[in-house]
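Q: Sequences listed follow chains A and B, in order.
Counting from 1, position 131 in the first sequence corresponds to residue 131 in full-length UniProt numbering; the numbering is continuous, with no gaps.
Counting from 1, position 185 in the second sequence corresponds to residue 185 in full-length UniProt numbering; the numbering is continuous, with no gaps.
Even glycine gets a Cβ: it sits at the ideal position worked out from N, Cα and C.
In this text, all values refer to a predicted model and were calculated from it rather than measured experimentally.
Structure provided below as structure tokens; questions to follow.
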Amino acid sequence: MRGLRHHLLIAYSLAVLAFLYIPIVVLVLYSFNESRINAQWTGWTIKWYLSLLHNRQVLTALENSLLIGFISTAISTVMGTSVALALHRYRFRLQGAINSLIYLPILVPEIVMGLSLLVLFSQLALPLGKLTIIIAHITFCISFVVVIVTARLEGMGNELEEAAQDLGASPWQTFRYVTLPLISPGIIAGALLAFTLSIDDFVISFFVAGPNSTTLTLYIYGMVKRGISPEINALSAILIAVIVLLVVLVQWLQNKDRDDGSPRQMPF
Amino acid sequence: MNKGRWLALPALGWLIGFFFVPLLFVVVISLCSRGNYGEILYQFTLENYRRFFEPLYINILWDTIEMAAVTTALTFLLGYPLAYRIVRMNRSWQNVWLLMVMVPFWINFLIRSYAWVVILRSQGLLNTFLITAGFIDQPLNLLYNPAAVQLGMVYTHLPFMVLPVYVSLEQLDRRLLEASYDLGGTPWQTFRHVTLPLTLPGIVAGSILVFVSSLGMFVVPDIMGGAKSALIGNLIQNQFLSARDWPFGSALSILLTLFSLVLIFLYYRVVEAQKGKGGRQ
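Here is the structure:
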């Protein structure tokens, strides 16, 4: 009886996991399918991937996504890390309000954040384009960087910094040679997360993108709306591969020196 | 040393300028009127909020809440046993399975919804399979209906349930389970009277996460529901991008935000309570 229950539970869990993965596997498999419209398998091909290489719109969208991703990651990582350091080290007046200001962007529905930025840009008469997308991405990435870097700061004691200062290091030297190396895994994880979020974002970009600033996810949305083409499968498969790689990397960085059974970081 | 405080300024200034101020704009616009050509007239009114209570919109609200509630229930039914199973693995397998649950969560939900389109559309995998196997002659209409949207919502939100439930199962004091067995409890009785009540905080936390996230969703209905299904998210999107009624769209967004924040506040209360209990020492 106990054995049966055990096996049922395993079967159920595997079924749920299959439910999670079957669509993804199907999508990736179909990206290699020769046939253009039919769901029937007519043979392996990489022609959809090759045709992506010659698709100007896709390449421009990819270029936009990467450019936006790199710029918003760089800026949000620097700002996020600085504010995490300051908030960790010093007490402020209105600390509660400041904390809410930093964490609220994670909690407010994405659609609301997207349209509120659209409202702002239209009030400022700022034309929608790459710049507005970058501004939007920096805004939501900062909060995530702060969460990750703060977790790292809280996991590290003050002893080493105090020791460095006792040994006569200036605040800058302490930061450069003690604090920074200690929190760098957190900063890298935060930057990777910011980059992933930026590349992955659809909802917010949807509201603040202009006609000449199509990102990859916006391009995919357009393709999905227009109808099925194996090229979307290929493009999706590439994006899936990149995201999986980044997630595994972030996980690895975060767990690297935390295998002591301390509570796991909740993913967002 | 207090110089270091200035490090906080760029980010705080940024968030005030590009998060707080825009939200204030939305609040102000939600109180404005719409001109004949979709322009915003600064004549203040509560009309946009009142309009929300018209039957048409209240019905959309109910549809949205129903969709979110069913999504929550289904993710629980699928997610709880999975989390329960994961906790009983050894540490390294737990990590592998958790990562497996998280990976789809990170894949763009646009792509994940689209993956279902590939499977469910009339010339999709499922219909082709059923026709080839001789079960049906005509393709079934599996896509562009509320059930498809429901499926997409459950699929998108499943990890939101598994992870909090996992955390709360993980913190469960196993000695209590042993005590229950020693006192003659059957596995079902132990589950019903010990495990389930003690992991309730995780269930509540997961439910709130799934529910809140389902409320604002517009892409899944857009892609999998066709024109037939409208949830609050689609309504808001329409007001901004097609109907050009920003004041009404803003009022809807403010209501959605307030509703979500209240639920998230409850989520934190639950999480705090869970921490307070200490779990396994």
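Just to confirm my understanding: we take residue 240 (chain A), look at its own chain, exclude 5 residues before and 5 after, and list those with CB closer than 8 Å. What are they?
A: As a first step, residue 240 (chain A) is located in the first sequence; it is residue number 240 there, counting from the start. The answer, listed in chain order, is 24, 27 and 28.
Q: Could you check where the alpha helix (DSSP H) with residue 62 (chain B) kicks off and where it finishes?
A: Mapped onto the second sequence, residue 62 (chain B) falls at position 62. Segment 55–87, the alpha helix (DSSP H) holding residue 62 (chain B).
Q: Within the 8 Å Cβ cut-off, does residue 260 (chain B) reach chain A?
A: The sequence position of residue 260 (chain B) within the second sequence is 260, counting from 1. Answer yes: the Cβ-Cβ gap between residue 260 (chain B) and chain A drops below 8 Å somewhere.
Q: Please name the residues in the stretch 217–234 of chain B whose beta-carbon is closer than 7 Å to at least one beta-carbon of chain A, in chain order.
A: Correct list: 218, 219, 223 and 233.
Q: I need the DSSP call for residue 334 (chain B), collapsed to helix, strand or coil.
A: With chain B represented from 1 up to 281, any question about residue 334 (chain B) goes unanswered, as that position is not in the structure.
Q: Among the residues of its own chain, which have a CB less than 6 Å from the CB of residue 219 (chain A), if the five just before and after it don't count?
A: As a first step, residue 219 (chain A) is located in the first sequence; it is residue number 219 there, counting from the start. Closer than 6 Å at Cβ, skipping near neighbours: 61.
Q: Cα separation between residue 161 (chain B) and residue 83 (chain B)?
A: In the second sequence, counting from the first residue as 1, residue 161 (chain B) sits at position 161. In the second sequence, counting from the first residue as 1, residue 83 (chain B) sits at position 83. Computed Cα separation, rounded: 9 Å.
Q: Can you check which of these residues, B:152, B:270 and B:182, is closest to residue 199 (chain B) by C-alpha distance?
A: Translated into the one-based positions of the second sequence, residue 199 (chain B) becomes position 199. Measuring from the Cα of residue 199 (chain B), the nearest candidate turns out to be B:270.
Q: Using beta carbons (cut-off 8 Å, strictly below), is residue 248 (chain B) in contact with chain A?
A: The residue given as residue 248 (chain B) occupies position 248 in the second sequence. So no, residue 248 (chain B) is outside the interface.
Q: DSSP three-state call for residue 246 (chain B): helix, strand or coil?
A: As a position in the second sequence, residue 246 (chain B) is number 246, starting the count at 1. Of the three classes helix, strand and coil, the one that applies to residue 246 (chain B) here is helix, per DSSP.
Q: Sorted by chain position, which residues of the same chain lie with C-beta nearer than 6 Å to residue 164 (chain A)'s C-beta, five sequence neighbours on each side aside?
A: Position 164 of the first sequence, counted from the start, is the residue given in the question as residue 164 (chain A). Only 174 and 178 meet the Cβ criterion.
Q: Hey, out of B:251, B:136 and B:77, whose CA is closest to residue 122 (chain B)'s CA?
A: In the second sequence, residue 122 (chain B) corresponds to position 122, counting from 1. It is B:136 whose Cα lies nearest to the Cα of residue 122 (chain B).
Q: Give me the chain B residues within the contact set of residue 86 (chain A), using Cβ-Cβ distance strictly less than 8 Å, ordered along the chain.
A: Counting from one through the first sequence, the residue named residue 86 (chain A) turns up at place 86. Those are 4, 5, 6, 7 and 8, listed as they occur along chain B.
Q: Grouping DSSP H, G and I as helix and E and B as strand, with all else coil, what is residue 34 (chain B)?
A: Residue mapping note: residue 34 (chain B) aligns to position 34 of the second sequence, counting from 1. It is a strand residue.
Q: Check whether the Cβ atoms of residue 202 (chain B) and residue 177 (chain B) lie closer than 8 Å to each other.
A: Indexing the second sequence from 1 puts residue 202 (chain B) at position 202. Indexing the second sequence from 1 puts residue 177 (chain B) at position 177. Not in contact: residue 202 (chain B) and residue 177 (chain B) (Cβ atoms no closer than 8 Å).
Q: Using alpha carbons as the reference points, say which of A:204, A:188, A:11 and A:126 lies closest to residue 147 (chain A).
A: On the first sequence, residue 147 (chain A) is found 147 positions in, with the first residue counted as 1. Nearest option by C-alpha distance: A:188.
Q: Would residue 20 (chain B) pass as a contact of residue 255 (chain B) if the rule is Cβ separation under 8 Å?
A: Position 20 of the second sequence holds residue 20 (chain B). Position 255 of the second sequence holds residue 255 (chain B). No, the pair does not count as a contact, with Cβ atoms beyond the cut-off.
Q: Should residue 125 (chain B) go down as buried or exposed, given a rule of 16 or more other Cβ atoms within 10 Å for buried?
A: Taking the second sequence and counting its residues from 1, one reaches residue 125 (chain B) at position 125. By the neighbour-count rule (16 or more Cβ atoms within 10 Å), residue 125 (chain B) is buried.
Q: Is there a Cβ from chain B that is less than 8 Å from the Cβ of residue 79 (chain A)?
A: The residue given as residue 79 (chain A) occupies position 79 in the first sequence. With 8 Å as the cut-off, residue 79 (chain A) counts as an interface residue toward chain B.
Q: Measuring straight from C-alpha to C-alpha, what distance separates residue 262 (chain A) and residue 186 (chain B)?
A: What you label residue 262 (chain A) is simply residue 262 of the first sequence in a count that begins at 1. What you label residue 186 (chain B) is simply residue 186 of the second sequence in a count that begins at 1. Residue placement at residue 262 (chain A) is flagged as unreliable, the pLDDT there being 45, under the threshold of 50; the coordinate-derived value follows with that caveat. One C-alpha to the other measures close to 32 Å.
Q: If you reduce the DSSP assignment to three classes, tell me which class residue 55 (chain A) lands in.
A: By one-based count along the first sequence, residue 55 (chain A) stands at place 55. Three-state result, residue 55 (chain A): coil.
Q: For residue 105 (chain B), collect the residues of the same chain with a Cβ closer than 7 Å to its Cβ; drop the 5 residues on either side in sequence, then sort them by chain order.
A: For the purposes of this step, residue 105 (chain B) is taken as the residue at position 105 of the second sequence. Excluding positions up to five away in sequence, the list reads 159.
Q: Identify every residue that forms a DSSP beta bridge with residue 44 (chain A).
A: Here residue 44 (chain A) refers to the residue found at position 44 when the first sequence is read from its first residue. DSSP output for residue 44 (chain A) lists A:33 as bridge partner(s).
Q: Between which two residues does the alpha helix (DSSP H) harbouring residue 207 (chain A) extend?
A: Along the first sequence, read from residue 1 onward, the residue named residue 207 (chain A) stands at position 207. Element bounds for residue 207 (chain A): 203–208.
Q: When burial is assigned at 16 or more other CB atoms within 10 Å of the CB, is residue 53 (chain A) buried or exposed?
A: As a working mapping, residue 53 (chain A) is identified with position 53 in the first sequence. Residue 53 (chain A) should be labelled exposed.
Q: Which class does residue 136 (chain B) belong to by DSSP, given the choice of helix, strand or coil?
A: Here residue 136 (chain B) refers to the residue found at position 136 of the second sequence. Three-state result, residue 136 (chain B): coil.
Q: Would you mind stating whether residue 97 (chain B) and residue 155 (chain B) have Cβ atoms separated by less than 8 Å?
A: Reading the second sequence from its first residue, position 97 is the one you call residue 97 (chain B). Reading the second sequence from its first residue, position 155 is the one you call residue 155 (chain B). Not in contact: residue 97 (chain B) and residue 155 (chain B) (Cβ atoms no closer than 8 Å).
Q: Which residues in chain B have a C-beta closer than 7 Å to the C-beta of residue 116 (chain A)? List them in chain order.
A: For this step, residue 116 (chain A) is matched to residue 116 along the first sequence. Ordered by position in chain B, the residues that pass the 7 Å Cβ test against residue 116 (chain A) are 22, 23, 25 and 26.
Q: Quick one: grab the DSSP three-state call for residue 8 (chain A).
A: To locate residue 8 (chain A), count along the first sequence from 1; it is residue 8. Helix.
Q: Just checking, does the stretch 108–117 of chain A make contact with the stretch 12–30 of chain B on the three C-beta pairs under 8 Å criterion?
A: The stretch 108–117 of chain A vs the stretch 12–30 of chain B: in contact.
Q: Should residue 64 (chain A) and residue 130 (chain A) be called a contact, given that it needs their Cβ atoms to be closer than 8 Å?
A: Residue numbering aside, residue 64 (chain A) sits at position 64 when the first sequence is read from its first letter. Residue numbering aside, residue 130 (chain A) sits at position 130 when the first sequence is read from its first letter. For residue 64 (chain A) and residue 130 (chain A), yes; Cβs fall inside 8 Å.
Q: With a threshold of 8 Å on Cβ separation, who are the neighbours of residue 69 (chain B) within its own chain once the five nearest residues in sequence on each side are excluded?
A: Here residue 69 (chain B) refers to the residue found at position 69 when the second sequence is read from its first residue. Correct list, in chain order: 211.
Q: Tell me which residues share the same chain as residue 84 (chain A) and place their Cβ nearer than 7 Å to its Cβ, disregarding the 5 neighbours each side in the sequence.
A: Your numbering for residue 84 (chain A) matches position 84 in the first sequence. Within the same chain, residue 84 (chain A) has close Cβ partners 146, 149, 150 and 153.
Q: Classify residue 202 (chain B) as helix, strand or coil using the three-state DSSP reduction.
A: For the purposes of this step, residue 202 (chain B) is taken as the residue at position 202 of the second sequence. Helix at residue 202 (chain B).
Q: What residues in the stretch 118–147 of chain B bring their beta carbon closer than 9 Å to a beta carbon of chain A?
A: Residues passing the 9 Å Cβ filter: 118, 119, 121, 123, 124, 125, 126, 127, 128, 129 and 132.
Q: If you reduce the DSSP assignment to three classes, tell me which class residue 218 (chain B) lands in.
A: On the second sequence, residue 218 (chain B) is found 218 positions in, with the first residue counted as 1. Three-state result, residue 218 (chain B): coil.
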